[in-house]
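To start, the structure itself, in C-alpha coordinates.
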Amino acid sequence: MSNKETDIITISFDLDGTLIPNNLMKINEILRKMGLPEADPEIIRINWGKPFYELISTIMQSIGYPDAVESFMNEDKKHKTSLKINEDIILTLWSLRGMGHYLSLVTNRTKESVIYFSEVIGLDLSIFHL
(Lines of atoms letter the chains of each structure in order from A and count residues from 1; the text may use other names and numbers.)
(Lines give C-alpha, C1' and ligand atoms only; values in the text may rest on other atoms or scores of the structure.)
Protein backbone atom coordinates (compact mmCIF):
# COMPACT_ATOMS: atom_id res chain seq x y z
CA MET A 1 0.00 0.00 0.00
CA SER A 2 1.35 3.40 -0.98
CA ASN A 3 1.20 6.36 1.37
CA LYS A 4 1.21 9.46 -0.85
CA GLU A 5 2.44 11.63 2.04
CA THR A 6 5.66 9.61 2.33
CA ASP A 7 6.31 8.71 -1.32
CA ILE A 8 9.61 10.04 -2.61
CA ILE A 9 8.88 12.29 -5.56
CA THR A 10 12.11 14.21 -6.18
CA ILE A 11 15.66 12.91 -5.92
CA SER A 12 18.58 15.35 -6.08
CA PHE A 13 22.09 14.43 -7.21
CA ASP A 14 25.26 16.38 -6.55
CA LEU A 15 27.34 16.81 -9.70
CA ASP A 16 30.87 16.93 -8.24
CA GLY A 17 31.90 13.89 -6.26
CA THR A 18 28.67 12.00 -6.95
CA LEU A 19 28.06 11.99 -10.69
CA ILE A 20 31.62 12.92 -11.64
CA PRO A 21 34.85 11.83 -9.91
CA ASN A 22 35.95 13.63 -6.77
CA ASN A 23 38.04 16.68 -7.67
CA LEU A 24 40.29 16.32 -4.62
CA MET A 25 41.67 13.06 -5.98
CA LYS A 26 41.90 14.58 -9.45
CA ILE A 27 43.87 17.59 -8.23
CA ASN A 28 46.46 15.46 -6.45
CA GLU A 29 46.62 13.03 -9.38
CA ILE A 30 47.49 15.88 -11.74
CA LEU A 31 50.05 17.29 -9.28
CA ARG A 32 51.73 13.85 -9.11
CA LYS A 33 51.78 13.62 -12.93
CA MET A 34 53.50 17.00 -12.97
CA GLY A 35 56.10 15.77 -10.45
CA LEU A 36 54.84 18.18 -7.79
CA PRO A 37 53.93 17.53 -4.15
CA GLU A 38 50.32 16.75 -3.29
CA ALA A 39 48.09 19.48 -1.92
CA ASP A 40 47.09 19.46 1.72
CA PRO A 41 43.43 18.34 1.78
CA GLU A 42 42.71 21.04 4.36
CA ILE A 43 43.90 23.76 1.95
CA ILE A 44 41.57 22.36 -0.70
CA ARG A 45 38.67 22.05 1.75
CA ILE A 46 38.83 25.61 3.08
CA ASN A 47 39.14 27.03 -0.45
CA TRP A 48 36.51 24.77 -2.04
CA GLY A 49 33.79 26.75 -3.81
CA LYS A 50 36.14 29.40 -5.16
CA PRO A 51 36.40 29.66 -8.94
CA PHE A 52 38.59 26.79 -10.15
CA TYR A 53 41.46 28.99 -11.36
CA GLU A 54 41.57 30.77 -8.00
CA LEU A 55 41.48 27.43 -6.15
CA ILE A 56 44.41 26.13 -8.20
CA SER A 57 46.33 29.38 -7.71
CA THR A 58 45.91 29.02 -3.94
CA ILE A 59 46.99 25.37 -4.04
CA MET A 60 50.04 26.07 -6.18
CA GLN A 61 51.05 28.88 -3.83
CA SER A 62 50.65 26.55 -0.84
CA ILE A 63 52.94 23.88 -2.31
CA GLY A 64 55.55 26.43 -3.38
CA TYR A 65 54.92 26.49 -7.15
CA PRO A 66 52.95 29.72 -7.80
CA ASP A 67 54.25 29.94 -11.38
CA ALA A 68 52.87 26.51 -12.33
CA VAL A 69 49.17 27.45 -12.43
CA GLU A 70 48.97 27.55 -16.24
CA SER A 71 50.79 24.22 -16.51
CA PHE A 72 48.28 22.72 -14.10
CA MET A 73 45.35 24.14 -16.08
CA ASN A 74 46.75 22.59 -19.28
CA GLU A 75 47.10 19.21 -17.56
CA ASP A 76 43.58 19.56 -16.17
CA LYS A 77 42.19 20.05 -19.69
CA LYS A 78 43.85 16.78 -20.76
CA HIS A 79 42.45 14.98 -17.73
CA LYS A 80 38.89 16.19 -18.31
CA THR A 81 38.78 14.59 -21.73
CA SER A 82 39.44 11.19 -20.11
CA LEU A 83 36.56 11.53 -17.64
CA LYS A 84 33.40 9.63 -18.44
CA ILE A 85 30.36 9.05 -16.29
CA ASN A 86 29.76 5.46 -15.22
CA GLU A 87 27.21 3.84 -17.55
CA ASP A 88 25.46 2.20 -14.56
CA ILE A 89 24.79 5.65 -13.12
CA ILE A 90 23.15 6.75 -16.36
CA LEU A 91 20.99 3.62 -16.45
CA THR A 92 19.98 4.16 -12.82
CA LEU A 93 19.03 7.77 -13.47
CA TRP A 94 16.86 6.81 -16.46
CA SER A 95 15.31 4.01 -14.42
CA LEU A 96 14.42 6.38 -11.57
CA ARG A 97 12.95 8.84 -14.03
CA GLY A 98 10.99 6.03 -15.67
CA MET A 99 9.50 5.16 -12.27
CA GLY A 100 8.06 8.68 -12.12
CA HIS A 101 10.64 10.39 -9.93
CA TYR A 102 11.68 13.96 -10.62
CA LEU A 103 15.46 14.21 -10.80
CA SER A 104 17.30 17.39 -9.94
CA LEU A 105 20.95 18.37 -10.18
CA VAL A 106 22.71 20.20 -7.34
CA THR A 107 25.99 22.03 -7.91
CA ASN A 108 27.85 25.22 -7.18
CA ARG A 109 29.07 25.36 -10.80
CA THR A 110 27.87 27.99 -13.23
CA LYS A 111 25.33 26.98 -15.88
CA GLU A 112 28.05 27.22 -18.53
CA SER A 113 30.35 24.95 -16.50
CA VAL A 114 27.58 22.37 -16.04
CA ILE A 115 26.84 22.34 -19.77
CA TYR A 116 30.54 22.07 -20.65
CA PHE A 117 31.27 19.34 -18.12
CA SER A 118 28.17 17.34 -19.00
CA GLU A 119 29.39 17.22 -22.60
CA VAL A 120 32.90 16.20 -21.48
CA ILE A 121 31.70 13.31 -19.31
CA GLY A 122 28.78 12.23 -21.49
CA LEU A 123 25.94 13.20 -19.16
CA ASP A 124 22.64 13.86 -20.94
CA LEU A 125 21.11 16.75 -19.00
CA SER A 126 17.64 15.89 -20.32
CA ILE A 127 17.56 13.16 -17.62
CA PHE A 128 17.02 15.93 -15.09
CA HIS A 129 13.99 18.13 -14.61
CA LEU A 130 15.82 21.42 -15.00
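Quick note: the sequence shown, position 57, residue 49 per the numbering used here, numbers continuous.
Where a beta carbon is used, it is the ideal one built from N, C-alpha and C, also for glycine.
Here the structure is a predicted model, which is why all the values come from computation and not from measurement.
- Below 8 angstroms, enough C-beta pairs join the segment 44 to 52 and the segment 26 to 36 to call them touching: three or more.
- Nearest to Leu115 by C-alpha distance, out of Asn100, Ser105, Lys76 and Arg89, is Lys76.
- Just so you know, the alpha carbons of Ile22 and Asp(-1) end up roughly 43 angstroms apart.
- With a cutoff of 7 angstroms on beta-carbon distance, Ile1 and Tyr94 are scored as near each other.
- Rounded to whole angstroms, the gap between the alpha carbons of Leu83 and Pro29 is 38 angstroms.
- The DSSP assignment places 15 to 25, 33 to 39 and 44 to 54 as complete runs of the alpha helix (DSSP H) inside the segment 0 to 61, in order along the chain (cut-off: 4 residues).
- C-alpha of Leu97 to C-alpha of Ala31: approximately 28 angstroms in a straight line.
- Rounded to the nearest angstrom, the Cβ distance from Leu11 to Ile119 is 10 angstroms, too far for a contact under 8 angstroms.
- Here Thr99 is near Leu7, since their CB atoms are less than 7 angstroms apart.
- Counting along the chain, no alpha helix (DSSP H) covers Ser118, and no H or E run does either.
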